[in-house]
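Residue numbering for the sequence shown follows the working numbering, starting at 570 and increasing by one per position.
Below is one structure; the comments refer to it alone.
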Amino acid sequence: MSHVPAERCLEIIALLAEGANTLPLGEIAERLSLPKSGAHRLLSTLVDLGWVAKEPDTGFYRLTMRLAVMGQRFYAATGIPNICQPVLDRLAHETREFVRLAVADGDTLVWLAQAQGATAGLIYQPPSSATGRVTVYSTATGKAWLASMPRDRAIQIVASMGFGEADRQGPNVVRSIEDLLKELALTEKRGYAIAVSEAEPGVSAVAVPIRVNGLGTALGTVSVAGPSVRMTTEQIEEIAPKLQSTASELAELWPLRPSGTALRERTTMVA
């Protein structure tokens, strides 16, 4: 199979993964700008390979559990469940708010793990759509990551993403590169990023980068988020040092360094 059909197959998998959709051939072809005949050939290949199943009653297509199983295997192999999750759980318990870990994947930042610390009152829980790729210009997580890298690269990443989703986010979301650069300068100066009613109305978040030895572009970020009525400026300032300490600890344990050396070292130490 040439690289073009392979890319198109991945696009189909990504489409069907959105909300665990079951879709008819025509809609798949339309949404991916494919001729029906071409979409049918690609879907038939994916069915033969076990990635997609065709519903016998409706003829609609859906993903099989193969992708989910592989994802779980990869997630376990990173070491995050055993190594990082307890750290996130502890921070969530200390802050009584929602904690998340995001990791860099090339020019993308993706959510990977979380812990809920709130047990009563207003409890913030991201919508189910707030998974996968991070919208970097509107989140504390994204700004913490962007501020850790050269500005030209940060601009390139945000420019490729665009601000098209801004209207569906909070009222304080940045809408230009110029405003974002001001935010990144503030983030770098204080050592942590904040977002108040940016990614979501009524939600505030604070995030810090995870950097090995405190150097280079962040490998990931750790953040705390909650209702803005509770996550006041004072509360954010109180949480920030705990978050920075947690980020330093995660950097020491980090299981996703290039070539997986940290995970192997950590595993050897435990053994």
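The beta-carbon is built from N, C-alpha and C at its ideal position, and this holds for glycine as well.
Should the region 791-808 be called in touch with the region 683-694, which here means at least 3 C-beta pairs below 8 angstroms?
-> yes
Euclidean distance between Cα positions of I779 and L615 | Residue mapping note: residue 779 aligns to position 210 of the sequence shown, counting from 1. Residue mapping note: residue 615 aligns to position 46 of the sequence shown, counting from 1. Spanning the two alpha carbons is a distance of roughly 37 angstroms.
Do three or more CB pairs link the region 676-685 to the region 752-765 at distances below 8 angstroms?
-> no
Note down, in chain order, each residue of its chain lying with its Cβ closer than 7 angstroms to the Cβ of G771, except the 5 sequence neighbours on either side.
-> In the sequence shown, the residue the question calls residue 771 occupies position 202. Only P796 and S797 meet the Cβ criterion.
Unbroken stretches of the beta strand (DSSP E), 3 residues or longer, contained in the region 699-773 = 762-765
Nearest chain D C-beta to G619 closer than 7 angstroms, yes or no?
-> Among the protein chains of the structure shown there is no chain D, as only one such chain exists.
Relative to the alpha-carbon of R744, which residue among A735, K751 and I582 has its alpha-carbon at the smallest distance?
-> Along the sequence shown, read from residue 1 onward, the residue named residue 744 stands at position 175. R744 has its Cα closest to that of A735, out of A735, K751 and I582.
Could you work out which residue in M639, F643, R737 and L594 is closest to F629 when comparing CA atoms only?
-> The residue labelled residue 629 in the question sits at position 60 within the sequence shown. Among M639, F643, R737 and L594, the Cα nearest to that of F629 is on L594.
Endpoints, the alpha helix (DSSP H) within which L594 is located | Start at 1 with the first residue of the sequence shown, and residue 594 comes out as number 25. Unbroken alpha helix (DSSP H) run through L594: L594 to R600.
Cβ neighbour criterion (16 or more within 10 Å) applied to E769 | For the purposes of this step, residue 769 is taken as residue 200 along the sequence shown, with counting starting at 1. That one is buried.
Reduced DSSP secondary structure (H/G/I, E/B, other) of S814 = Locating residue 814 in the sequence shown gives position 245, where the first residue counts as 1. Helix, per DSSP.
Go through its chain and collect everything with a Cβ distance to V656's Cβ below 8 angstroms, but skip five positions before and after it.
-> Residue mapping note: residue 656 aligns to position 87 of the sequence shown, counting from 1. Excluding sequence neighbours, V656 sits near T815, E818, L819 and L822.
Specify, as a first and last residue, the run of the beta strand (DSSP E) that P796 falls within.
-> Reading the sequence shown from its first residue, position 227 is the one you call residue 796. Taken as a continuous stretch (DSSP letters only), the beta strand (DSSP E) holding P796 covers G789 to P796.
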